[in-house]
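Okay, so here's the structure we're looking at.
2 protein chains.
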Amino acid sequence: MQKEKLKKGEVTRQALEDAAVELFMEQGYHATSMRQIADKAGLALGGIYNHFKSKDEIFEAVIVDKHPYKKILPLIQEAEGETLEEFLGNATRIVINELTSQQYYVKLMLIEIAEFDGVHGSAMLKELVPNVLPVFERLVKTRKELRVVNPVVLLRSFIGMVLSYMITDIVISDSFLSKLMPSNMLDAYVDIYMHGVLKGDSLNV
Amino acid sequence: MQKEKLKKGEVTRQALEDAAVELFMEQGYHATSMRQIADKAGLALGGIYNHFKSKDEIFEAVIVDKHPYKKILPLIQEAEGETLEEFLGNATRIVINELTSQQYYVKLMLIEIAEFDGVHGSAMLKELVPNVLPVFERLVKTRKELRVVNPVVLLRSFIGMVLSYMITDIVISDSFLSKLMPSNMLDAYVDIYMHGVLKGDSLNV
DNA sequence: CCTACCGATCGGTAGG
DNA sequence: CCTACCGATCGGTAGG
Numbered sequence: 444m445q446k447e448k449l450k451k452g453e454v455t456r457q458a459l460e461d462a463a464v465e466l467f468m469e470q471g472y473h474a475t476s477m478r479q480i481a482d483k484a485g486l487a488l489g490g491i492y493n494h495f496k497s498k499d500e501i502f503e504a505v506i507v508d509k510h511p512y513k514k515i516l517p518l519i520q521e522a523e524g525e526t527l528e529e530f531l532g533n534a535t536r537i538v539i540n541e542l543t544s545q546q547y548y549v550k551l552m553l554i555e556i557a558e559f560d561g562v563h564g565s566a567m568l569k570e571l572v573p574n575v576l577p578v579f580e581r582l583v584k585t586r587k588e589l590r591v592v593n594p595v596v597l598l599r600s601f602i603g604m605v606l607s608y609m610i611t612d613i614v615i616s617d618s619f620l621s622k623l624m625p626s627n628m629l630d631a632y633v634d635i636y637m638h639g640v641l642k643g644d645s646l647n648v
Numbered sequence: 444m445q446k447e448k449l450k451k452g453e454v455t456r457q458a459l460e461d462a463a464v465e466l467f468m469e470q471g472y473h474a475t476s477m478r479q480i481a482d483k484a485g486l487a488l489g490g491i492y493n494h495f496k497s498k499d500e501i502f503e504a505v506i507v508d509k510h511p512y513k514k515i516l517p518l519i520q521e522a523e524g525e526t527l528e529e530f531l532g533n534a535t536r537i538v539i540n541e542l543t544s545q546q547y548y549v550k551l552m553l554i555e556i557a558e559f560d561g562v563h564g565s566a567m568l569k570e571l572v573p574n575v576l577p578v579f580e581r582l583v584k585t586r587k588e589l590r591v592v593n594p595v596v597l598l599r600s601f602i603g604m605v606l607s608y609m610i611t612d613i614v615i616s617d618s619f620l621s622k623l624m625p626s627n628m629l630d631a632y633v634d635i636y637m638h639g640v641l642k643g644d645s646l647n648v
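Line order of the protein sequences matches chains A and B. Residue numbers for the first sequence follow the working numbering, so the first one is 444 and each next one is one higher. Residue numbers for the second sequence follow the working numbering, so the first one is 444 and each next one is one higher.
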């Protein structure tokens, strides 16, 4: 992945973060021990503390460094589509594909909320919003087919839609309900996001 | 709340569940100790094990007993509205109001996913779906204004919409973004759910 | 339902 | 970066 030569210290640090993110997403934060992280990264417990001051510091580093938006944003900007409908549909599929392949990050966000009450969320938003909001601002300006013209509302509802798909998917996936779901559930989700559950148009937003 | 006389054993059990749900939602599951639960419920550590075999059993009991759908379902059925638009709007506001007042349950669901990987979710759905799905089936049958005619899709998207509002609200609430949100965000959310982000109608679902 | 205890494991550190 | 250790706390139990 990394093309530049990394100093050994940096390599170990990355190995620790990689080990941690995998364990966190499997077990949550408090159920994951520093010893497990050390083992998985291939060093002794004490060695961790050359790179991180505490367990909490590992979690913070992971939340920032592993955020998938850096990977996703360029993909969205490459998304094609004649109409806005095609574009939005493709963009959503790209995001959800990327997030399911690195499913860990959605899990991390849920751990953040469940175990930390969202305390690191503010720092994360401070990095995310300045980079992502402009994309939605440009969208609102150039696309007349949008009913929703507030970029913040559009951003929140888009992220919310993706989240809601992924979370319900986790809960449903190993239950009897999964058999009742249509195979094109993702398409139906995107369709509802774009056109709503009701027939006919509305007036104001 | 309870009108019938409860045996003392049952009273203690409820006190334990009440203490547990509060601690779980504040700290998560693994960060909450049996001693904390005992203290909050007003008995000694050992006393817990007269009512629950393990910590996990407390969590399971809480997930089932504290599920808010029993409280919410009757409220929805009382929801008024001439048009389907009014009805859906009112229903959504009722659900979200109820969930924010007992915010704990959304937190419990996130703990479930974050710390247990959703293992108790299947049992929860087995109780929820048979009671809630019929409501959506009836809705699809009687209301011609719906574009989405698959009750399962409608149910999932409705729950997903509520979840996405509540989760983004938690993350945003104590960050700079909350100032950028419009005051009628909830209305905008419901509006998007009903009519989508795009102008104009679509064809198929 | 409480007291007193169990072995196990936790996050973190000293010292090299 | 490892070895060996610290005090604290964990979930759970025996015995009354």
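Beta carbons: idealized from backbone N, C-alpha and C, even for Gly.
Worksheet item: With contact counted as at least three CB pairs below 8 Å, one residue from each stretch, are the segment 547 to 562 of chain A and the segment 460 to 479 of chain A in contact?
Response: yes
Practice prompt. Evaluate contact between the segment 477 to 494 of chain A and the segment 452 to 467 of chain A, counting only Cβ atoms and requiring at least three cross-stretch pairs below 8 Å.
Written response: yes
Worksheet entry | Short CB-CB distance (under 8 Å) between S476 (chain B) and chain A | no
Worksheet item: Are there 16 or more other CB atoms within 10 angstroms of the CB of F579 (chain A), so buried, or fewer, so exposed?
Response: buried
Practice prompt. Less than 8 Å between the CB atoms is what I'm expecting for V505 (chain B) and V464 (chain B), so what's the real figure, rounded?
Written response: 5 Å
Fill in: Chain-ordered neighbours of D617 (chain A) on chain B, where CB pairs are closer than 9 Å
G561, V562, G564, S565
Worksheet entry | CA-to-CA distance, I480 (chain B) to L486 (chain B), given in whole angstroms | 9 Å
Practice prompt. Could you work out which residue in A:V592, A:H494, A:E541, A:S626 is closest to V595 (chain B) when comparing CA atoms only?
Written response: A:S626
Worksheet item: When the Cα atoms are used, what is the spatial distance from L589 (chain B) to H510 (chain B)?
Response: 28 Å
Practice prompt. Pull up the distance between the alpha-carbon of K483 (chain A) and that of K451 (chain A), whole angstroms please.
Written response: 17 Å
Worksheet item: Comparing alpha-carbon positions, which option in B:V633, B:S497, B:G643, B:L597 lies nearest M624 (chain A)?
Response: B:L597
Practice prompt. Consider the Cβ of P577 (chain A): report whether some Cβ of chain B lies at a distance smaller than 8 Å.
Written response: no
Worksheet item: Using the beta-carbon count (16 or more within 10 Å), is D499 (chain B) buried or exposed?
Response: exposed
Worksheet item: Using the beta-carbon of each residue, which ones in chain A are nearer than 7 Å to N593 (chain B)?
Response: P625
Fill in: Span of the alpha helix (DSSP H) around M628 (chain B)
628 to 638
Worksheet item: Would the beta-carbon of I539 (chain A) fall within 8 Å of that of G561 (chain B)?
Response: no
Worksheet item: What in chain B is Cβ-close to V572 (chain A), meaning under 7 Å?
Response: L620
Worksheet item: Where N582 (chain B) and S476 (chain B) are concerned, what is the direct C-alpha to C-alpha distance, given to the nearest angstrom?
Response: For the record, residue 582 (chain B) in the displayed sequence is Leu; it is not Asn. C-alpha separation (whole angstroms): 44 Å.
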